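Number of protein chains: 2
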Amino acid sequence: MRSHPPVFNPLSDDALNKTGARRTETVLTMEDLAKMAGVSKITVSRALRDSPLVTVETREKIRQLAEEQGYRLNVSARNLRMRRSYSVAVVVEMTPVKGRPMSDPYPLELLGGITQELTTAGYSVVLTSKQLMDTAPVQGADGMILLGQGSHGEAVRTLQKTGLPLVVWGAPEPGSDIIVVGSDNRKGGVSAAQRFIEQGRSKLVFLGDVDHAEVQERCAGFIDAMNGHGTVHIMRPKAFTFEAGFDCISSLLKKKGSAFDGVFAASDLLAMGAIRALAEKNMRVPENVSVIGYDDTPGAASFVPPLTSVHQYLRDGGVLLARKMLDLMNGNPVASEMLPTTLMVRQT
Amino acid sequence: MRSHPPVFNPLSDDALNKTGARRTETVLTMEDLAKMAGVSKITVSRALRDSPLVTVETREKIRQLAEEQGYRLNVSARNLRMRRSYSVAVVVEMTPVKGRPMSDPYPLELLGGITQELTTAGYSVVLTSKQLMDTAPVQGADGMILLGQGSHGEAVRTLQKTGLPLVVWGAPEPGSDIIVVGSDNRKGGVSAAQRFIEQGRSKLVFLGDVDHAEVQERCAGFIDAMNGHGTVHIMRPKAFTFEAGFDCISSLLKKKGSAFDGVFAASDLLAMGAIRALAEKNMRVPENVSVIGYDDTPGAASFVPPLTSVHQYLRDGGVLLARKMLDLMNGNPVASEMLPTTLMVRQT
DNA sequence: AATCAAAATGTTATCGATATCATTTCGCGT
DNA sequence: ACGCGAAATGATATCGATAACATTTTGATT
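Line by line, the protein sequences are chains L and H.
One gets my numbering by counting positions in the first sequence from 1 and adding 3 to each.
One gets my numbering by counting positions in the second sequence from 1 and adding 3 to each.
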């Protein structure tokens with residue numbers, strides 16, 4: 004796909020002005036406030052920015068005036084002067100994708116953390132998708148955050164070339180210099196293994212598509228930690244759904260000689276499907292088989308029986324992504340970072 | 004909570020300039036392109052906007068030049084001149100809320116539709132939450148879209164006072180002049196009733212918190228359509244979870260003389276919980292009791308058994324929200340609109 | 001009271017685009 | 001070739017804020 008030449012939407016035209024929505028109410032400017040307060044506009048500017056160059060009294064007076072008058076900063080003017088957009092573009096996949104690697108609400112929680120942190124720091128969060136990245140507002144951003152694309156692949160490569168500060172959510176890639184924030188999937192796998200070891204389980208099944216970097220990590224941590232304590236049989240459903248988990252465990256139960264006493268699934272839905280399959284064969288959870296899920300989605304705790312699952316702190320992840328971005332934009336040194344996970348022990 | 008006076012983050016200060024991230028590469032302006040092309044900058048401006056005031060050849064020449072040079076429009080400058088921000092703020096609740104009225108992925112799908120439509124129209128989508136609404140970038144938006152707050156309540160009232168174009172996702176309120184886009188919950192209820200009538204079911208249970216306007220509509224449509232064909236017993240769980248559905252139906256089954264042959268739940272999770280409760284009492288679904296859910300969440304189709312559910316076209320809803328917003332901003336007449344729903348008949 | 005540095009405030013230029021109005025170029029008929 | 005209206009292009013002002021530099025005010029010290 005060749006990149007197309009820049010053509011802007013005909014947002015306006017000096018020949019025939021057809022915009023019907025020009026706001027008629029007079030909008031206050033700093034100039035106006037300045038006249039009212041009997042000072043110059045630069046003093047107003049400084050006062051509203053809480054600059055020490057202005058007396059405390061003057062500052063307070065102008066702040067009050069601004070509030071009374073309902074003054075609102077013209078962000079475009081400031082950004083133009085400051086030569087920055089004070090915005091960060093966040094690339095999210097917002098189309099429902101079958102077999103999405105993580106449970107559905109996860110991007111929203113990340114977004115919540117990102118938005119809170121960036122907005123508080125004076126930046127605006129511009130939402131976009133992979134398909135819309137080459138539009139003007141996105142290209143004008145001061146930085147970019149990628150969610151759900153993985154830390155490699157073309158999307159990242161393309162963006163890296165722009166030279167914009169870039170932070171990615173996902174699993175870190177060994178030789179790469181891209182800043183990545185993610186859950187520590189390896190430790191998540193280890194924590195599941197430890198739980199099984201404590202319970203004396205020794206014939207385990209790992210359920211998940213190890214083609215995904217994050218799942219790969221979970222599996223690796225799990226196997227390493229189980230080493231010497233038991234065997235791990237890997238099953239690779241293509242999707243992350245209830246159905247896939249159900250099918251995998253059902254077929255496994257049909258084969259004779261394939262006894263197991265524990266299942267570690269790469270998503271809660273897989274785990275739920277597995278439990279359902281076990282129930283149909285009259286296997287008891289956790290008496291006969293113990294099951295651990297991943298993500299600790301809202302449904303996990305209220306599942307029957309309540310599902311033991313590896314919890315990720317996604318909102319914190321969002322906050323961390325935002326902090327890294329702020330550091331990058333301020334020229335501070337930044338390194339990739341993985342967040343801890345917690346095994347939420349419930350009844351399975 | 005009193006509204007606080009406007010104080011802007013100390014983004015800069017003319018006394019001590021501590022920003023470390025000023026981009027050093029020279030950024031091309033229209034002026035630069037103009038010099039290269041041997042024309043004036045206004046011609047460049049017109050050419051890039053595809054104005055008929057410029058010869059087709061000149062337009063093409065400048066477009067190519069701009070592409071070669073990697074020129075990028077300075078959005079702040081344009082917005083300042085045009086006296087508009089060309090951005091729309093979208094208010095979303097991004098914190099996990101127990102008992103959220105709709106299933107989790109729904110805001111993301113809506114966001115996808117909104118983003119696609121607005122970005123294509125040259126607007127940027129600024130993400131925000133209720134708590135962050137009074138920040139500069141949000142207040143500078145040309146319009147606001149509210150998701151998940153309902154069409155009444157203080158949030159809407161506050162926003163309406165600002166005079167900004169406002170569009171809300173939810174259920175319409177009779178006397179209100181707010182533009183609302185939503186699913187036609189009433190018809191969703193009707194479609195569930197029709198299904199039960201076809202199947203000859205006559206003793207129904209409605210499961211859902213009718214305090215929510217949207218659920219109220221579903222229930223009303225359901226009851227009206229059932230009128231003369233059977234009875235409806237309303238149960239009001241406080242949450243929309245699996246657990247709540249499980250508990251409601253369990254307790255109902257314990258009472259004697261409370262036979263029923265159909266359940267219409269206000270969410271898929273409630274429906275799944277209901278099915279689970281029925282299974283525990285050895286009631287067969289759908290032979291003894293037929294169950295219909297709402298939302299048709301990704302998990303519904305892969306549930307065991309596959310869940311019959313009322314599907315909402317959320318992405319389309321997002322697109323529609325965006326279109327209404329564009330119309331409002333262009334001064335075109337706009338009316339509220341409800342989207343159709345479809346009953347996805349599966350095995351329950 | 002005079003002096004002078006520090007504090008407070010003001011003046012002017014600037015960011016990069018577009019609207020308005022002015023000017024030049026083009027095409028065509030006579 | 002000339003003239004004239006239409007088409008194409010250009011010069012200047014402007015949007016609302018902040019930086020850099022200039023000026024005035026303050027107050028402490030002699």
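Note that beta-carbon positions come from the ideal geometry of N, C-alpha and C, so glycine has one too.
Note that the structure is a prediction, hence the values are computed from the model and not measured.
Same chain, Cβ closer than 8 angstroms to residue i, five either side skipped, listed in chain order
{"i": "Gly-116(H)", "result": "Leu-317, Arg-318, Asp-319, Gly-320, Gly-321, Val-322, Leu-323, Leu-324 and Ala-325"}
{"i": "Leu-342(L)", "result": "Val-184, Gly-185, Ser-186, Asp-187, Gln-315, Tyr-316, Asp-319, Gly-320 and Leu-323"}
{"i": "Ala-174(L)", "result": "Gly-153, Ser-154, Val-183, Gly-185, Asn-188, Ala-216, Glu-217, Gln-219 and Glu-220"}
{"i": "Lys-133(H)", "result": "Val-94, Glu-96, Gln-152 and Ala-158"}
{"i": "Ser-261(L)", "result": "His-236 and Leu-255"}
{"i": "Lys-259(L)", "result": "none"}
Supposed close pair residue i, residue j - CB separation, criterion 8 angstroms
{"i": "Ala-216(L)", "j": "Val-141(L)", "result": "That pair is no contact at about 26 angstroms."}
{"i": "Ser-194(H)", "j": "Thr-344(H)", "result": "7 angstroms"}
{"i": "Lys-327(L)", "j": "Val-170(L)", "result": "5 angstroms"}
{"i": "Gly-146(H)", "j": "Met-332(H)", "result": "6 angstroms"}
{"i": "Ala-228(L)", "j": "Gly-191(L)", "result": "Contact doesn't hold; Cβ gap of about 11 angstroms is too wide."}
{"i": "Leu-111(L)", "j": "Pro-110(H)", "result": "6 angstroms"}
{"i": "Ser-79(H)", "j": "Ser-179(L)", "result": "33 angstroms between Cβ atoms; not a contact."}
Of the residues the options, the one placed nearest residue i, counting alpha carbons only
{"i": "Ile-278(H)", "options": "Gly-146(H), Thr-161(H), Glu-70(H) and Asp-250(H)", "result": "Asp-250(H)"}
{"i": "Pro-177(L)", "options": "Glu-120(L), Ile-45(L) and Ser-339(L)", "result": "Ser-339(L)"}
{"i": "Leu-150(L)", "options": "Thr-138(L), Thr-122(L) and Leu-114(L)", "result": "Leu-114(L)"}
{"i": "Ile-237(H)", "options": "Ser-253(H), Ala-228(H), Ala-268(H) and Phe-245(H)", "result": "Ala-268(H)"}
{"i": "Ser-88(H)", "options": "Arg-239(L), Gly-224(L), Ala-139(L) and Ser-179(L)", "result": "Ala-139(L)"}
{"i": "Glu-70(L)", "options": "Tyr-74(H), Leu-56(H), Asp-137(H) and Leu-68(H)", "result": "Asp-137(H)"}
{"i": "Ile-181(L)", "options": "Gly-276(L), Arg-349(L), Pro-336(L) and Gln-350(L)", "result": "Pro-336(L)"}
{"i": "Thr-244(L)", "options": "Ala-304(H), Cys-222(H), Gly-276(H) and Asp-271(H)", "result": "Ala-304(H)"}
{"i": "Ala-124(H)", "options": "Trp-172(H), Ser-90(H) and Leu-56(H)", "result": "Ser-90(H)"}
{"i": "Gln-72(H)", "options": "Leu-111(H), Thr-98(H) and Val-30(H)", "result": "Val-30(H)"}
{"i": "Arg-349(H)", "options": "Leu-329(H), Asp-330(H) and Gly-302(H)", "result": "Gly-302(H)"}
{"i": "Gly-211(H)", "options": "Thr-351(H), Ala-247(H), Ala-228(H) and Leu-111(H)", "result": "Ala-247(H)"}
{"i": "Asp-214(L)", "options": "Pro-240(L), Tyr-109(L), Asp-330(L) and Gly-192(L)", "result": "Pro-240(L)"}
{"i": "Val-266(L)", "options": "Thr-122(L), Val-78(L), Leu-310(L) and Thr-118(L)", "result": "Leu-310(L)"}
{"i": "Thr-122(H)", "options": "Leu-76(L), Leu-135(L) and Ile-148(L)", "result": "Leu-135(L)"}
{"i": "Ala-196(L)", "options": "Ile-252(L), Cys-222(L) and Asp-271(L)", "result": "Cys-222(L)"}
{"i": "Ala-280(L)", "options": "Ser-254(L), Val-42(L) and Ser-270(L)", "result": "Ser-254(L)"}
{"i": "Asp-330(H)", "options": "Val-42(H), Glu-120(H) and Leu-272(H)", "result": "Glu-120(H)"}
{"i": "Ala-242(L)", "options": "Lys-259(L), Gly-224(L), Leu-272(L) and Lys-258(L)", "result": "Leu-272(L)"}
Close Cβ partners of residue i (< 7 angstroms) along its chain, the five nearest in sequence each way excluded
{"i": "Arg-26(L)", "result": "The pLDDT assigned to Arg-26(L) is 40, lower than 50, so where the model puts this residue is not dependable, and the model offers no usable value."}
{"i": "Ala-24(H)", "result": "Caution applies to Ala-24(H), whose pLDDT of 39 falls short of 50 and renders its modelled position unreliable; the value that the coordinates give is listed next. Closer than 7 angstroms at the Cβ level, and outside the excluded window around Ala-24(H), lies no residue."}
{"i": "Lys-44(L)", "result": "Met-33, Glu-34 and Ala-37"}
{"i": "Ile-65(H)", "result": "Leu-36, Ala-40, Val-47, Ala-50 and Leu-51"}
{"i": "Thr-58(H)", "result": "none"}
{"i": "Phe-306(H)", "result": "Met-275"}
{"i": "Tyr-74(L)", "result": "Leu-31 and Leu-36"}
{"i": "Leu-68(H)", "result": "Leu-36, Met-39 and Ala-40"}
{"i": "Ile-226(H)", "result": "Val-235"}
{"i": "Arg-204(H)", "result": "Gly-233, Asp-264, Gly-265 and Ser-293"}
{"i": "Pro-308(L)", "result": "Val-288, Gln-350 and Thr-351"}
Close-in-space but distant-in-sequence residues of the same chain around residue i (CB under 6 angstroms, 5 per side omitted)
{"i": "Arg-62(H)", "result": "Ala-50"}
{"i": "Ser-299(H)", "result": "Looking at the sequence provided, one finds Asp at residue 299(H) rather than Ser. Answer for Asp-299(H): Ser-312, His-314 and Met-347, listed in chain order."}
{"i": "Leu-256(L)", "result": "Lys-284"}
{"i": "Phe-263(H)", "result": "Lys-206 and Val-208"}
{"i": "Ile-252(H)", "result": "Ala-277 and Ala-280"}
Check whether the stretch 38-51 of chain H touches the stretch 48-64 of chain L, taking contact to mean three or more Cβ pairs, one atom from each stretch, closer than 8 angstroms.
no
My parser needs the alpha helix (DSSP H) runs of 4 or more residues fully inside the stretch 263-300 of chain L; what are they?
271-283
How do the stretch 290-297 of chain L and the stretch 157-169 of chain L stand: do at least 3 beta-carbon pairs fall below 8 angstroms, yes or no?
no
Validate contact between the stretch 120-133 of chain L and the stretch 162-171 of chain L using beta carbons, cut 8 angstroms, 3 pairs:
no
Taking only runs that begin and end inside the stretch 40-94 of chain H, name each unbroken beta strand (DSSP E) of 3 or more residues, in chain order.
Segments of the beta strand (DSSP E) lying fully in the stretch 40-94 of chain H: 90-94.
Would you mind listing the beta strand (DSSP E) stretches within the stretch 113-195 of chain L that are 3+ residues and don't spill past its ends, in chain order?
127-131, 146-149, 169-172 and 182-186
Does the pairing of the stretch 71-89 of chain L with the stretch 280-288 of chain L give three or more beta-carbon distances under 8 angstroms?
no
Contact the stretch 197-204 of chain H vs the stretch 227-235 of chain H: 3+ CB pairs below 8 angstroms
yes
At 3 residues or longer, and completely inside the stretch 185-244 of chain L: list those beta strand (DSSP E) runs for me, N to C.
206-210 and 234-238
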